[in-house]
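Taking it in order: structure first as structure tokens, then the write-up.
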DNA sequence: ATTGGCGAATTTGTAATACAAGTTTTAGAA
DNA sequence: TTCTAAAACTTGTATTACAAATTCGCCAAT
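Residue numbers (the numbering used here), protein chains in the order written: chain R, 1 to 221; chain L, 1001 to 1221.
This is the structure in structure tokens:
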């Protein structure tokens, strides 16, 4: 593969491979064609192909194993912003204090701004929580409801912050999902009712009560 | 360079180079030793050295130029969390609504938890704001005060979120620093007084008033 | 002395070949 | 059928060679 005027041969092979990974031609866990195959297919030398693959491994997109081949890595774990990395072990009270501030006000705003579509999705979330089989299912629907409230607040900043914190919230429930059970559904119903009736104060206080209950369940096992 | 039991030769060369970059042995813009030099120094073949350098370029740590050499890249541009990138152009009202929720409650918590050291730093921030020459100085001290309140809230989550949002707040004041002036100092004084006297309600309402005023100054030029 | 150009030395980019080392597959024997 | 060992395949490393781009120094001409 001779040099192109615009980019090096290595660049071209790298583009070919990274594009293939990004587009799903090769999915996580898949084995890339062997270096010899790529040489034949792309008309490049092994040096060029290996250089491109090294770049892939540098980016964490693939991993080579001597004797086996080169495999596509699973997508990077949910990227937690550097500034929030220190929160991985933040004390639970601080996290719940934060949630109480944000989510109670989100519920109040949702009481003003929620659309009928928002309400419908919240209802479905509650139904899904009631009919959830495993603890994981219930926890997922639980989190989904809170996310819907954040969205219904009509404030994009609140929603984005919620999504950033989501992984930290989830992590906090690890090994505690069984403690929650379905007691939260009743709280969710009350919150939704307040939102439907446009009752800001009640929505806010119900969310506060709900998070207080959840905190007690988590922090005092 | 024969294989080690623990890692490949490429890994070792890569570690050597990336460590050198991280530790500042080679600073941004510096030229790394030529491939030939590295081969001699490390006793590795050029294939191995080039493979390691390819990984560096994949990570964006270095850039190779034919005929010139390989140069250390400047550190990555200020990392704005992916989830928050969409907020760069978020409507200002949403941002201020969010700030009002978080910072009013932060002020209330600070009224309970602020230490004498916190209060001292807040006083210094206010003095620095009054004596600030340029608009930029004033704006910087203004932001510093709000950051101190977040810290004095005693909630690590609140502080971290503030730091994440900081760049977005600052960006919002670009081209508007002159509109603020020093009217904020009076508000800051009132907030600090409420914190000093442990008056949660007043601290909260003063912060709300302050952010309302700021929003009016920014959004209605 | 300064400037100009030209060629040599450096340096990275690509290729071809060879072998080492690890894994998988396959063929054959028990 | 099952187990074993050889063959085939695959990545890791080394060596050599040349191409292409840049830098440097030397030398000549002005």
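Ideal Cβ positions, reconstructed from N, Cα and C, are used throughout, including at glycine.
Run down chain R in chain order and give the residues with a C-beta less than 9 Å from the C-beta of residue i.
i                       : result
residue 1050 of chain L : 47, 50, 51, 54
Against chain R, with Cβ distances strictly below 9 Å, would residue i count as a contact?
i                       : result
residue 972 of chain L  : Nothing can be reported for residue 972 of chain L, as the shown portion of chain L is limited to 1001 through 1221.
residue 1199 of chain L : no
residue 1165 of chain L : yes
residue 1101 of chain L : yes
residue 1070 of chain L : no
residue 1019 of chain L : no
residue 1115 of chain L : no
residue 1191 of chain L : no
Whole angstroms are fine: how far does the CA of residue j sit from the CA of residue i?
i                       : j                       : result
residue 1031 of chain L : residue 96 of chain R   : 49 Å
residue 1035 of chain L : residue 26 of chain R   : 33 Å
residue 215 of chain R  : residue 74 of chain R   : 34 Å
residue 78 of chain R   : residue 1159 of chain L : With a pLDDT of 49 at residue 78 of chain R, under the threshold of 50, the predicted position of this residue should be treated as unreliable, and no value is reported.
residue 1024 of chain L : residue 1018 of chain L : 10 Å
residue 1138 of chain L : residue 1128 of chain L : 8 Å
residue 69 of chain R   : residue 1033 of chain L : 31 Å
residue 61 of chain R   : residue 206 of chain R  : 45 Å
residue 118 of chain R  : residue 187 of chain R  : 17 Å
residue 11 of chain R   : residue 1009 of chain L : 23 Å
residue 251 of chain R  : residue 65 of chain R   : Nothing in the structure corresponds to residue 251 of chain R, since chain R is present only between 1 and 221.
residue 1142 of chain L : residue 28 of chain R   : 48 Å
residue 123 of chain R  : residue 146 of chain R  : 12 Å
residue 200 of chain R  : residue 63 of chain R   : 53 Å
residue 1091 of chain L : residue 163 of chain R  : 18 Å
residue 1195 of chain L : residue 202 of chain R  : 29 Å
residue 39 of chain R   : residue 49 of chain R   : 7 Å
residue 1041 of chain L : residue 37 of chain R   : 34 Å
residue 189 of chain R  : residue 148 of chain R  : 13 Å
residue 144 of chain R  : residue 109 of chain R  : 18 Å
residue 209 of chain R  : residue 1150 of chain L : 24 Å
Classify residue i as buried or exposed, calling it buried when 16 or more other Cβ atoms lie within 10 Å of its own Cβ.
i                       : result
residue 1136 of chain L : exposed
residue 1222 of chain L : Any property of residue 1222 of chain L remains undetermined from this structure, which presents chain L solely from 1001 to 1221.
residue 1130 of chain L : exposed
residue 52 of chain R   : buried
residue 1125 of chain L : buried
residue 15 of chain R   : exposed
residue 1054 of chain L : buried
residue 153 of chain R  : buried
residue 56 of chain R   : buried
residue 1198 of chain L : exposed
residue 44 of chain R   : buried
residue 1185 of chain L : buried
residue 1046 of chain L : exposed
residue 1193 of chain L : exposed
residue 1058 of chain L : buried
residue 115 of chain R  : exposed
residue 1183 of chain L : exposed
residue 120 of chain R  : exposed
I want to see whether chain L comes within less than 9 Å of residue i, judged by CB atoms only; does it?
i                      : result
residue 145 of chain R : no
residue 109 of chain R : yes
residue 14 of chain R  : yes
residue 10 of chain R  : yes
residue 150 of chain R : no
What does residue i reach in chain R if we use C-beta pairs closer than 8 Å?
i                       : result
residue 1059 of chain L : 58, 59
Given that residue i touches chain R, what residues does it touch there, using C-beta distances under 7 Å?
i                       : result
residue 1161 of chain L : 161
Quick one, are the C-beta atoms of residue i and residue j less than 9 Å apart?
i                       : j                       : result
residue 1100 of chain L : residue 1212 of chain L : yes
residue 94 of chain R   : residue 1156 of chain L : yes
residue 1191 of chain L : residue 1107 of chain L : yes
residue 1170 of chain L : residue 161 of chain R  : no
residue 1165 of chain L : residue 1218 of chain L : no
residue 1279 of chain L : residue 168 of chain R  : A query on residue 1279 of chain L cannot be resolved here, the shown segment of chain L reaching from 1001 to 1221 and no further.
Can you pull the chain L neighbours of residue i, defined as C-beta to C-beta under 8 Å?
i                      : result
residue 105 of chain R : 1101
I want to check one thing, is the minimum distance from the CB of residue i to the heavy atoms of the ligand SAH below 8 Å?
i                       : result
residue 1010 of chain L : The ligand SAH is not part of this structure, which contains no ligands at all.
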